[in-house]
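Asker: One structure is given below, represented as structure tokens, and several questions about it will come after.
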């Protein structure tokens with residue numbers, strides 16, 4: 004296999020590492036900008052007031068989340084390129100699931116973000132009570148959409164890290180951590196759909212280790228890339 008091809012696959016693995024880290028950073032920023040500071044669960048009037056008073060911040064939060072899903076596409080493609088020699092069909096399936104995540108997540112973010120901005124504009128034909136109700140409705144859509152997004156993340160991520168485990172492109176303990184992380188995401192997303200009133204603090208307990216994992220594996224891929232000697236066995 005040519006040196007150029009080795010360099011190329013290493014480059015893609017490092018692109019995946021960068022995308023992992025950047026996605027987590029943008030996700031944290033987006034959550035802090037929108038959910039933590041502006042959205043008041045169960046209090047639509049307070050949420051509307053926050054959005055009106057912090058319109059620019061709300062828009063920045065939307066843009067941040069959209070950019071995050073753009074990076075998910077880059078991440079997914081880079082992982083596919085790095086892992087397709089292990090099992091092309093499974094790598095493609097994982098890619099498609101992560102692309103579904105980006106499509107659903109991006110659409111949910113745009114719809115649930117831009118429509119509230121239109122509703123609070125000075126030209127809206129709706130009464131204040133109607134605006135509050137509709138914004139609450141669209142924010143509920145956003146929450147439900149994110150649960151669906153986590154299903155696609157869980158399925159795609161589990162497959163990608165199964166391929167990492169099989170190929171030994173990264174240390175197997177790291178690959179096992181990845182599979183467990185995404186399986187937990189997958190299970191919790193279904194639980195959240197079935198039990199919609201599950202507390203955010205409970206979700207955070209389960210999701211936080213996943214965020215830590217994505218930072219760790221992202222830094223590993225960014226700094227070291229995949230194991231080229233193992234990659235040669237499949238190329």
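In the numbering used here, the protein residues as written are 4 to 238.
Heads up, the beta-carbon is just placed ideally off N, CA and C, and yes, glycines get one too.
Answer with buried or exposed for residue 47, where buried requires no fewer than 16 other C-beta atoms within 10 angstroms of its C-beta.
Answerer: Position 44 of the chain shown holds residue 47. Under this definition residue 47 is a buried residue.
Asker: Cα separation between residue 136 and residue 45?
Answerer: Looking up residue 136 in the chain shown gives position 133. Looking up residue 45 in the chain shown gives position 42. Straight across, the Cα-Cα distance linking residue 136 with residue 45 is about 11 Å.
Asker: I'd like to check one pair, residue 74 with residue 267: are the Cβ atoms closer than 7 Å?
Answerer: There is simply no residue 267 to check, as the chain begins at 4 and stops at 238 in what is shown.
Asker: Could you give the C-beta distance for residue 217 and residue 156, rounded to a whole number, given that I count them as a contact under 8 Å?
Answerer: Translated into the one-based positions of the chain shown, residue 217 becomes position 214. Translated into the one-based positions of the chain shown, residue 156 becomes position 153. Wrong, their Cβ atoms sit about 10 Å apart, outside the cutoff.
Asker: For residue 205, count the other beta carbons within 10 Å of its own beta carbon; 16 or more makes it buried, fewer makes it exposed. Which is it?
Answerer: Taking the chain shown and counting its residues from 1, the one referred to as residue 205 is at position 202. With fewer than 16 other Cβ atoms from the protein chains shown falling within 10 Å of its own Cβ, residue 205 counts as exposed.
Asker: What alpha helix (DSSP H) runs, 4 residues minimum, are completely inside the stretch 153-228?
Answerer: 175-197, 203-226
Asker: Do you know whose CA, among 93, 198, 191, lies nearest residue 165's CA?
Answerer: Taking the chain shown and counting its residues from 1, the one referred to as residue 165 is at position 162. Taking only the C-alpha atoms, the option nearest residue 165 is 93.
Asker: Below 6 Å CB to CB, which residues in the same chain sit around residue 16 once its five sequence neighbours on both sides are set aside?
Answerer: Counting from 1 along the chain shown, the entry for residue 16 is found at position 13. Taken in chain order, the residues that qualify are 85, 224, 228, 229.
Asker: From residue 99 to residue 130, what distance separates their C-alpha atoms?
Answerer: The sequence position of residue 99 within the chain shown is 96, counting from 1. The sequence position of residue 130 within the chain shown is 127, counting from 1. Rounded to whole angstroms, residue 99 to residue 130 spans 42 Å at the Cα level.
Asker: Name the residue from 233, 236, 182 whose alpha carbon lies nearest to the alpha carbon of residue 239.
Answerer: Shown here, the chain extends from 4 to 238; a query on residue 239 therefore has no answer.
Asker: Out of 163, 188, 180, state which residue places its alpha-carbon closest to the alpha-carbon of residue 150.
Answerer: As a working note, residue 150 is residue 147 in the chain shown. With distances taken between Cα atoms, residue 150 lies closest to 188.
Asker: Please name the residue in 119, 162, 167, 163 whose C-alpha comes closest to that of residue 145.
Answerer: If you number the chain shown from 1, residue 145 lands on position 142. Minimum Cα distance to residue 145 is reached at 119.
Asker: Could you tell me which of 221, 184, 198 sits nearest to residue 208, measuring between CA atoms?
Answerer: Along the chain shown, read from residue 1 onward, the residue named residue 208 stands at position 205. Ranking 221, 184, 198 by Cα distance to residue 208 puts 184 first.
Asker: Over the uninterrupted alpha helix (DSSP H) stretch that includes residue 74, give me the two end residues.
Answerer: Taking the first residue of the chain shown as position 1, residue 74 is located at position 71. From DSSP, the alpha helix (DSSP H) with residue 74 extends over 58-86.
Asker: Going straight from the alpha carbon of residue 193 to that of residue 158, what length do you get?
Answerer: On the chain shown, position 190 is the one that residue 193 refers to. On the chain shown, position 155 is the one that residue 158 refers to. Distance between the alpha carbons of residue 193 and residue 158 is about 12 Å.
Asker: For the candidate residues 210, 179, 147, whose alpha-carbon lies nearest to that of residue 200?
Answerer: Counting from one through the chain shown, the residue named residue 200 turns up at place 197. Nearest option by C-alpha distance: 147.
Asker: Shortest alpha-carbon distance to residue 210 belongs to which of 186, 140, 115?
Answerer: Working through the chain shown from its first residue, we reach residue 210 at position 207. Nearest option by C-alpha distance: 186.
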